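Quick note on my numbering: the sequence shown kicks off at 167 and runs consecutively. Just so it is clear, CB atoms sit at the ideal spot from N, CA and C, and this is done for glycine as well. All values derive from a computational prediction rather than experimental measurement. Below: one structure, written as structure tokens.
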Amino acid sequence: MEIRKEDFTALASKDPFEILIATILSQNTNDRNSLAAFNELRNKIGINPDSLSRAEEEEIADAIRIAGLYRTKARAIKEIAREIREKYGGDFRRILSLENPREELLKLPKVGEKTADVVLLFSGRMNTFPIDTHVRRVAKRLGLSSGSYEEMRRDLMGLFKGKCLEAHLLLIQLGRKYCKARKPLCNECPVRNLCPTGMKGSL
167 MEIRKEDFTA LASKDPFEIL IATILSQNTN DRNSLAAFNE LRNKIGINPD SLSRAEEEEI
227 ADAIRIAGLY RTKARAIKEI AREIREKYGG DFRRILSLEN PREELLKLPK VGEKTADVVL
287 LFSGRMNTFP IDTHVRRVAK RLGLSSGSYE EMRRDLMGLF KGKCLEAHLL LIQLGRKYCK
347 ARKPLCNECP VRNLCPTGMK GSL
């Protein structure tokens, strides 16, 4: 399977703060729409803590409208930008340089475990494993892990070690293309022979 940048909004930038905003925009929408919103926000306002904290919430919402839930996302983006500007002098990288950056990221408004892990993994700061709906579904069906977010994160980190980013992207692609929530394409799946669920024909 091919990994293309346009299929993952978080690959649109190497800047950690931009990755954070891209991840927020990608929630509950597809990558095409979230990438369009990301580019519009970058062009109209700029994606940095200073410009976003000073922008009107309505201005942010208008720029990201295509991503859906635009008012909720605009509020979250502005709150995060304001906190980073006030607490860290507008330098998001200060968080990533801390001893436990994941813990600090989780203190930011509207930032949950998956969002924190995406920022850390895609920015190259920490070898972690974000768990989204595709990853959870594929990992369970393949028999790689089950249980809570943290249990699955640790299991997959241990399994894939230094290749977490590539594995994360491939599991998502597998979930999108073959291992669908309903009517999975088991007969076409490239890892069917490794999948206990698919071999049983229990889907």
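In the displayed model, ARG291 falls within coil according to three-state DSSP, outside both helix and strand. The shortest CA-to-CA distance from SER311 to any of VAL277, VAL284, THR363, PRO350 is the one to THR363. Within the same chain, Cβ atoms closer than 7 Å to the Cβ of SER179 are found at ILE185, ALA188, the five residues on either side in sequence being excluded. Judged by DSSP secondary structure, ALA347 falls outside any alpha helix (DSSP H); it is assigned neither H nor E.
Separation of the CB atoms of PHE288 and ALA176 is rounded to 5 Å, and the pair is thereby assigned contact status at 8 Å. Put simply, the stretch 281-296 touches the stretch 262-270. At least three CB pairs are less than 8 Å apart. Taking C-beta atoms under 8 Å as the contact rule, ALA227 and TYR236 qualify, at a distance of about 5 Å. Separation of the CB atoms of PHE183 and PHE258 is rounded to 4 Å, and the pair is thereby assigned contact status at 8 Å.
The C-alpha of ARG348 is placed about 41 Å away from the C-alpha of SER219.
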